[in-house]
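Asks: In my numbering, the protein residues as written are 1182 to 1293.
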């Protein structure tokens, strides 16, 4: 008489280390690659940032952080020239420090 356990036989073969590696591998598929901007796009970003600083207008900034793109909407509080970072204050009075080299897109936002 054959006593085959079917799927139960193969489930015992997965070690916890293997399960963790498979989960990490699946999570890596969600990572996004950082895009490189050309000279025209950089010039347009610069003009938008300068206009927002001059007239104290809110911006929507898309930037690359921890292998994903994030969006923040707020006003420029300070530009750290030495560290090449923008300090953005959002509507909840939280400060976001965004590196200039990580910015992918900047647009003027509607008033908030």
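We treat Cβ as the ideally placed atom computed from N, Cα and C, and that holds for glycine.
Source: prediction; values computed, not measured.
For residue 1276, count neighbouring C-beta atoms within 10 Å of its own C-beta (all shown protein chains included) and say buried if the count is 16 or more, exposed if not.
Replies: Exposed is the call here.
Asks: How would you label residue 1287, buried or exposed, when you count the other beta carbons within 10 angstroms and need 16 or more for buried?
Replies: Classification of residue 1287: buried, given that the 10 Å Cβ count is 16 or more.
Asks: By how many angstroms is the C-alpha of residue 1198 removed from the C-alpha of residue 1204?
Replies: Straight-line Cα distance between these residues: approximately 10 Å.
Asks: Mind checking which residues open and close the alpha helix (DSSP H) that includes residue 1204?
Replies: 1197–1209 is the span of the alpha helix (DSSP H), which, as asked, contains residue 1204.
Asks: Looking only at C-alpha atoms, which of 1245, 1227, 1225 and 1256 sits nearest to residue 1237?
Replies: Among 1245, 1227, 1225 and 1256, the Cα nearest to that of residue 1237 belongs to 1256.
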